[in-house]
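Count along the sequence shown from 1, then add 202; that gives the number in this note's numbering. Yeah, the Cβ is synthetic: ideal placement off N, Cα and C, and Gly gets one too.
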Amino acid sequence: MPAVSHALVTLRALLAVYGIALAAHTLQSWRSLDGLDVLAGLWSLWSTLAVVACGILVFIERAGAWRWAAGSAAVLVSWQAISALAEGAGRVSGGALSISGEVVWTLGDHAPRMAVALALAWAWSILAKNGTEDLPLQRLRRVAWLLCGASAVMFLMHAGKLIFFPASVEELLTRSLGRWNGYGWRPETVRHVLLGIGLVHVAAIIGIAVGRRRGPLCYMTVWGMMTSLSRLSAYSLFAWDEAFFRAANGGAALAALFLLPSWEPCRDESRLHQKDGTARVDSDR
């Protein structure tokens with residue numbers, strides 16, 4: 203099924219980009235490591251294992267190696283989750299409520315990155331157990347929903363910040379305008395623009411919830427890529443690693459878009475849907 207192949211290529215490319223940025227950060231952490239700091243050393247070691255796991259996921263070529271993919275995804279996602287928790291908790295020094303809010307927001311912001319690794323391992327396991335000629339559409343649909351749901355969670359978190367805390371993201375817009383156009387907008391204009399973007403985010407999430415998936419996923423793909431590139435437009439090429447880390451912001455929605463045919467009845471008359479939800483090729487044709 204070409205759609206599955208395109209989704210696999212997309213997921214592997216996203217992990218390759220993410221792995222490059224993670225490897226750069228890991229190398230920097232080893233260089234700055236104090237030999238007496240045991241905790242930092244353990245963190246650098248775990249980060250190194252995450253880089254290796256990312257590489258395994260990228261270079262797996264055969265569905266028979268799905269167990270390696272599953273183990274690698276577990277290592278990578280566990281590191282991503284702990285990293286997100288530490289990042290969220292370290293942003294504020296206030297009460298437990300504010301820390302909890304930052305942790306929840308950070309986990310939501312990182313959701314597509316974690317979903318990409320899980321979706322790739324899941325897709326390999328489906329191919330290993332069923333082959334390419336008898337794909338269970340129901341299981342493929344679940345992989346697509348994982349990617350779609352992760353993108354929706356991230357956009358919900360972003361919408362909340364754009365609508366209720368616009369000051370936290372104003373800098374990206376104002377710096378980009380200043381660098382590329384040489385002028386800026388008034389603060390009121392910037393906040394109105396951010397409010398409008400946040401409302402469009404909410405509309406896209408509602409569209410997915412009510413079953414209108416293609417349009418919202420296209421929007422999430424384009425806007426997610428723009429959020430990644432915004433680091434380059436605001437802070438120049440020195441922020442390349444931040445852009446690479448956020449490649450999944452739009453990439454997860456793109457992979458889900460490739461899997462969109464698995465969410466709908468097959469229109470190819472040479473395929474007959476069976477009771478178990480698989481697509482069987484009609485050999486009489």
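Inter-residue spacing [alpha-carbon to alpha-carbon] between residue i and residue j
{"i": "Ala-411", "j": "Gly-351", "result": "10 Å"}
{"i": "Thr-212", "j": "Trp-425", "result": "17 Å"}
{"i": "Gly-297", "j": "Glu-289", "result": "Confidence at Gly-297 is low in this model, with a pLDDT of 49, below 50, so its placement is unreliable and no value can be given for it."}
{"i": "Arg-214", "j": "Thr-429", "result": "20 Å"}
{"i": "Trp-232", "j": "Ala-226", "result": "10 Å"}
{"i": "Ile-408", "j": "Phe-367", "result": "21 Å"}
{"i": "Trp-281", "j": "Leu-244", "result": "12 Å"}
{"i": "Cys-256", "j": "Gly-413", "result": "33 Å"}
{"i": "Leu-320", "j": "Leu-348", "result": "9 Å"}
{"i": "Leu-322", "j": "Asp-311", "result": "19 Å"}
{"i": "Arg-393", "j": "Val-402", "result": "14 Å"}
{"i": "Ala-205", "j": "Lys-331", "result": "18 Å"}
{"i": "Gly-398", "j": "Val-318", "result": "29 Å"}
{"i": "Arg-433", "j": "Val-240", "result": "33 Å"}
{"i": "Ala-313", "j": "Ala-283", "result": "9 Å"}
{"i": "Leu-299", "j": "Thr-376", "result": "Confidence at Leu-299 is low in this model, with a pLDDT of 48, below 50, so the placement of that residue is unreliable and no value is reported for it."}
{"i": "Phe-440", "j": "Leu-431", "result": "12 Å"}
{"i": "Gly-386", "j": "Gly-380", "result": "6 Å"}
{"i": "Ile-262", "j": "Gly-273", "result": "12 Å"}
{"i": "Glu-390", "j": "Ser-435", "result": "22 Å"}
{"i": "Ala-242", "j": "Val-305", "result": "21 Å"}
{"i": "Leu-427", "j": "Ser-353", "result": "Just to set this straight, residue 427 is Met in the shown sequence, not Leu. If I take the Cα positions, the gap works out to 12 Å."}
{"i": "Ile-328", "j": "Arg-341", "result": "7 Å"}
{"i": "Ala-276", "j": "Ala-209", "result": "20 Å"}
{"i": "Val-404", "j": "Leu-358", "result": "7 Å"}
{"i": "Ser-302", "j": "Ala-291", "result": "8 Å"}
{"i": "Gly-355", "j": "Trp-324", "result": "The sequence shown places Val at residue 355, not Gly. If I take the Cα positions, the gap works out to 20 Å."}
Own chain partners of residue i with C-beta closer than 7 Å, once the 5 adjacent residues on each side are dropped
{"i": "Thr-228", "result": "Ser-246, Ser-249, Thr-250 and Val-253"}
{"i": "Val-219", "result": "Phe-446 and Ala-449"}
{"i": "Ile-222", "result": "Phe-446"}
8 Å CB neighbourhood of residue i in its chain, flanking five on each side removed
{"i": "Leu-459", "result": "Arg-416, Leu-419, Cys-420 and Thr-423"}
{"i": "Leu-224", "result": "Ser-249, Ala-252, Val-253, Cys-256 and Phe-447"}
{"i": "Ser-485", "result": "In this predicted model, Ser-485 has a pLDDT of only 36, less than 50, meaning its place in the structure is not dependable; the value taken from the coordinates is given anyway. Same-chain partners within the cutoff: there are none."}
{"i": "Glu-372", "result": "Pro-389, Val-392, Arg-393 and Leu-396"}
{"i": "Ser-378", "result": "Ser-432, Ser-435 and Ala-436"}
Helix, strand or coil at residue i [DSSP, three-state]
{"i": "Ile-407", "result": "helix"}
{"i": "Leu-235", "result": "coil"}
{"i": "Val-219", "result": "helix"}
{"i": "His-312", "result": "coil"}
{"i": "Glu-263", "result": "coil"}
{"i": "Val-461", "result": "It is worth fixing the name first, because residue 461 is Leu in this sequence and not Val. In the structure shown, Leu-461 sits in coil (DSSP, three-state: anything other than H, G, I, E or B)."}
{"i": "Phe-366", "result": "helix"}
{"i": "Gly-303", "result": "helix"}
{"i": "Ala-524", "result": "This structure cannot speak to residue 524, because the chain is shown only from 203 to 487."}
{"i": "Gly-386", "result": "coil"}
{"i": "Val-345", "result": "helix"}
{"i": "Val-392", "result": "helix"}
{"i": "Val-371", "result": "coil"}
Close beta carbons around residue i, own chain, < 6 Å, minus the five adjacent residues each side
{"i": "Trp-326", "result": "Ala-265, Trp-268 and Ala-271"}
{"i": "Gly-400", "result": "Ala-361, Leu-364 and Ile-365"}
{"i": "Leu-278", "result": "Ala-252, Ala-255, Cys-256 and Ala-319"}
{"i": "Ala-286", "result": "Thr-308, Leu-309 and His-312"}
The ligand ATP heavy atom lying under 7 Å from the CB of residue i
{"i": "Leu-329", "result": "With respect to small molecules bound, the structure shown includes none, and the ligand ATP cannot be examined in it."}
Entirely enclosed alpha helix (DSSP H) segments - the region 395-442, minimum 4 residues: For the region 395-442, whole alpha helix (DSSP H) runs of length 4 or above, ordered along the chain, are 416-437.
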